[in-house]
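2 protein chains.
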Amino acid sequence: MAARTRPATIADVALRAGVSQASVSRVLNGKQNVDPAIAARVHDAVADLGYTPSIAARSLVHGRNDTVAMVVPDLENPLFQGILKGLSLAAAADGYRVLVADTAEQAGEEAAIAREARHRCDAIVLCAPRMPAPQLRALAPLLAPAVVVNRSLDDPAVPTVGVDYARGMRDLVEHLAALGHTRLVYLAGPEASSSQAERMRGLRDAVTAHPGVTVDTLPCGSRIDDGHRAGEAAAAAVRAGATAVIAFNDLVALGLMPRLVELGLRIPEDVSVAGFDDVPLARYATPPLTSMSVPRSELGAQVWSRLRALIAGEPSEHALLFRPRLEHRTSTAPPSPARRLAGVREALLAESELPA
Amino acid sequence: MAARTRPATIADVALRAGVSQASVSRVLNGKQNVDPAIAARVHDAVADLGYTPSIAARSLVHGRNDTVAMVVPDLENPLFQGILKGLSLAAAADGYRVLVADTAEQAGEEAAIAREARHRCDAIVLCAPRMPAPQLRALAPLLAPAVVVNRSLDDPAVPTVGVDYARGMRDLVEHLAALGHTRLVYLAGPEASSSQAERMRGLRDAVTAHPGVTVDTLPCGSRIDDGHRAGEAAAAAVRAGATAVIAFNDLVALGLMPRLVELGLRIPEDVSVAGFDDVPLARYATPPLTSMSVPRSELGAQVWSRLRALIAGEPSEHALLFRPRLEHRTSTAPPSPARRLAGVREALLAESELPA
DNA sequence: CTCGAGTGGGAAATCGCTTACTCACTGTAG
DNA sequence: CTACAGTGAGTAAGCGATTTCCCACTCGAG
């Protein structure tokens with residue numbers, strides 16, 4: 278029976294086995310050659326006392342504690358959940374655990390929370406989409422070893438792993454354009470979000486590449502409710518001639534769709550809707566949601582691979598950017614002929630206005 | 278500029294400030310009265326050196342590290358995500374951080390993972406729905422201070438926080454019965470899951486209380502895909518006379534509904550569908566999903582309240598059980614008259630068969 | 001038989017911090 | 001004027017492991 282009073286220490290084990298602490302340590306860590314007889318006695322003593330080495334003491338000596346921190350703005354976001362899952366599993370395979378710190382969208386606290394979390398761990402994964410770039414640039418080096426997720430950063434010591442949102446957006450616009458859509462609406466995410474900025478960049482590139490296509494941006498947000506609330510505005514835009522809506526992410530799209538239906542629009546007959554992230558529920562939505570698939574777990578695994586290298590003192594690897602893959606489902610389809618004509622007319626009108 | 282070489286220690290600070298380490302420690306921890314002049318010099322030195330006390334060393338002295346572990350079978354489950362979020366936020370308010378350990382549904386590893394995680398932390402939150410009761414009973418005391426989530430355990434030292442699934446199921450059946458449903462189908466969760474067992478108990482109680490109601494149980498699972506796959510069987514049951522389906526949880530229901538529609542059934546005209554957990558997406562499903570609401574974040578907060586008390590050495594509080602609240606949405610409605618008659622006829626038939 | 005290399009195990013230093021314990025010094029009461 | 005609280009700061013003893021250093025001992029070669 279294990280001692281109820283005070284957890285056994287290595288000294289207790291040494292005493293009981295009649296050897297030195299050094300020997301106990303050597304046996305337990307498989308260092309050097311140890312007399313089998315001693316090893317046996319140590320093992321017996323360990324078993325009798327129910328001894329487990331103190332993590333704290335070991336950490337003090339080694340200067341590391343086999344734990345990495347992950348700072349996220351919102352644990353409820355499926356993207357971060359996926360990354361956390363992937364990271365946590367990959368890290369566990371190497372004997373590391375993950376500490377989570379939810380900043381609860383308190384952008385102001387992010388830096389302090391990150392430093393505190395980092396201080397408890399050997400390394401850190403930072404997801405801080407809202408943090409101003411200068412602040413991030415100043416913070417990142419202090420956090421090393423660190424990996425920044427989902428935003429770019431030109432610090433050679435801090436690798437980034439992320440998603441090519443701009444490219445994804447372009448691909449998505451091209452998908453819609455190929456279907457025949459020319460007037461699109463984009464429900465924008467949080468203004469300060471860096472991935473929102475990336476998406477905007479992608480949209481601009483896309484309309485530049487496709488002069489016939491226009492995109493109206495409507496403020497929205499990143500959560501289900503935001504999408505639902507944006508329904509009115511989106512429907513109005515559709516009535517004004519738009520034929521497709523791109524949502525900041527799937528949550529927004531999933532909140533939006535029922536609202537559009539409520540407002541009398543059919544998807545995809547009256548309006549196509551596309552999301553981003555390809556959350557598990559997207560394919561079971563009504564109608565199944567076209568989305569840009571992002572490998573969430575894989576992101577987490579790659580983050581760990583980067584982090585492990587950094588911890589081992591290896592030079593930082595190259596930035597990694599996943600290109601989202603289009604998951605074409607039934608929420609996007611060619612616009613109905615009538616609507617399409619209307620769109621073309623609008624476009625012509627807009628063009629004819631230009632010279633004026 | 279902070280030293281790039283080796284992080285500053287308290288000794289460096291003491292040296293630079295020209296005082297003893299003890300004084301530095303006292304200043305930094307606000308113990309005793311210290312000469313303001315000394316305090317100032319210490320603060321200057323700390324700032325100059327960019328000193329932060331080593332967590333490991335402090336942990337070693339104090340015997341605690343202000344971290345609690347949370348073990349979950351699957352980080353992708355919205356229930357655990359919600360609990361994690363609530364726990365993490367509540368704990369952070371008291372200066373504690375949360376370490377997550379995803380057992381990846383490896384029921385066999387759970388005990389080992391839990392002990393390892395516990396060993397790194399001051400306390401632990403255990404979610405192990407699949408662990409056999411005897412094993413859990415044996416394990417729990419070794420983990421103290423610990424709180425067990427979502428299952429009962431008669432260990433006075435280990436409080437539990439959970440959901441009254443049996444009661445919730447009864448309430449749900451009563452809701453459906455009140456609507457006029459008499460032949461229900463239940464898509465069961467994982468066999469080994471304790472909350473699944475609780476739900477079954479609730480179902481049994483309900484049919485006992487309502488002799489006119491019958492419930493057929495179909496094996497299913499706990500995830501979206503499981504629900505989708507169970508669509509065929511559920512539809513068959515409906516064709517055989519059932520008028521309502523209760524899903525193990527919302528994920529299952531959300532996977533099930535589109536499949537039922539695909540198979541030609543209308544919800545709720547042909548079949549009512551109800552879920553459990555009230556995940557955020559439930560109200561935006563098509564049709565909006567009736568569900569038993571579970572206060573996920575609140576569960577996490579309550580878990581922390583229990584855990585904090587235990588860490589402080591206070592006696593364990595009473596077990597806490599939340600009663601789910603019905604969220605009646607449009608996925609459940611009275612059965613159509615024709616179908617209802619069919620149900621009654623079946624019931625009469627079944628009754629008349631009894632004496633046989 | 002002696003000397004040197006090789007090896008296993010114990011003593012003690014170390015990691016960085018907290019916290020008794022001790023001591024010098026000030027101020028006041030007898 | 002002496003002595004005794006009271007106070008603030010320094011010294012040093014842990015906390016529980018790992019790891020270096022060193023000694024004693026064995027074995028083989030000369």
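Chains A and B, in that order, are what the protein sequence lines are. Following our numbering, the numbering of the first sequence begins with 278 at its first residue and continues without gaps. Following our numbering, the numbering of the second sequence begins with 278 at its first residue and continues without gaps. Yeah, the Cβ is synthetic: ideal placement off N, Cα and C, and Gly gets one too.
| query | result |
| --- | --- |
| Nearest-angstrom Cα separation, counted from residue 311 of chain A out to residue 293 of chain B | 45 Å |
| Local conformation of residue 390 of chain B per DSSP, three classes | helix |
| Chain B residues whose Cβ lies nearer than 7 Å to that of residue 353 of chain A | 358 and 362 |
| Bounding residues of the beta strand (DSSP E) (the contiguous stretch that carries residue 599 of chain B) | 597-599 |
| Per-residue DSSP class, three states only, for residue 285 of chain B | coil |
| Proximal residues to residue 259 of chain B (C-beta, below 7 Å), its chain only, five neighbours per side dropped | Since the first residue of chain B shown is 278 and the last is 633, residue 259 of chain B is not available in this structure. |
| Chain A contacts made by the stretch 312-330 of chain B, where a contact means CB separation under 7 Å | 329 |
| Residues sharing a beta bridge with residue 416 of chain A, DSSP | Residue 416 of chain A pairs with nothing; no bridge assigned. |
| Own chain residues within Cβ distance below 7 Å of residue 512 of chain A, not counting five before or after | 537, 540 and 542 |
| Alpha-carbon spacing of residue 460 of chain A relative to residue 364 of chain B, whole angstroms | 45 Å |
| C-alpha gap between residue 279 of chain B and residue 383 of chain B, whole angstroms | Below a pLDDT of 50, predicted positions are generally treated as unreliable, and residue 279 of chain B, at 37, falls in that range; the measurement from the model is reported next regardless. Those two C-alpha atoms are separated by around 45 Å. |
| Assigned secondary structure, residue 540 of chain A (DSSP; H/G/I helix, E/B strand, else coil) | coil |
| Contacting residues, own chain, Cβ-Cβ under 8 Å from residue 426 of chain B (five flanking each side not counted) | 360, 402, 403, 404, 437, 438, 439, 576 and 580 |
| Below-9 Å beta-carbon distance, residue 565 of chain B vs any chain A residue | yes |
| Cβ neighbour criterion (16 or more within 10 Å) applied to residue 496 of chain A | exposed |
| Interface flag, residue 344 of chain A vs chain B, CB-CB below 9 Å | yes |
| Neighbourhood of residue 328 of chain B by C-beta, 6 Å cutoff - its chain only, sequence neighbours within 5 removed | 285 and 290 |
| Per-residue DSSP class, three states only, for residue 471 of chain A | helix |
| Contacting residues, own chain, Cβ-Cβ under 6 Å from residue 334 of chain B (five flanking each side not counted) | none |
| Chain A contact for residue 426 of chain B (CB, 9 Å cutoff) | no |
| Unbroken stretches of the beta strand (DSSP E), 3 residues or longer, contained in the stretch 544-590 of chain A | 549-554 and 567-570 |
| Residue 355 of chain A classed as buried or exposed, judged by whether at least 16 other C-beta atoms fall within 10 angstroms | buried |
| Cβ pair count under 8 Å reaching 3, the stretch 556-569 of chain A against the stretch 517-535 of chain B | yes |
| Test item: CB-CB of residue 569 of chain A and residue 466 of chain A under 9 Å | no |
| Per-residue DSSP class, three states only, for residue 516 of chain A | helix |
| Start and end residues, alpha helix (DSSP H) containing residue 446 of chain B | 442-456 |
| Integer Cβ distance of residue 485 of chain B from residue 398 of chain B, believed to fall under 8 Å | Contact doesn't hold; Cβ gap of about 44 Å is too wide. |
| 7 Å Cβ shell around residue 510 of chain A - same chain, five flanking residues per side excluded | 495 |
| Endpoints, alpha helix (DSSP H) assigned at residue 602 of chain B | Premise fails: residue 602 of chain B lies in the beta strand (DSSP E), 602-604, not in any alpha helix (DSSP H). |
| Three-state secondary structure (DSSP) of residue 304 of chain B | helix |
| Beta-carbon spacing of residue 501 of chain A, residue 561 of chain B below 9 Å | yes |
| Euclidean distance between Cα positions of residue 308 of chain B and residue 400 of chain B | 27 Å |
| Spatial distance of residue 348 of chain B from residue 366 of chain A (CA atoms) | 13 Å |
| Exposure of residue 376 of chain A, with buried meaning 16 or more beta-carbon neighbours within 10 Å | buried |
| According to DSSP, residues forming a beta bridge with residue 425 of chain A | A:403 and A:437 |
| Beta-carbon proximity check, residue 571 of chain B vs residue 531 of chain B, cutoff 9 Å | no |
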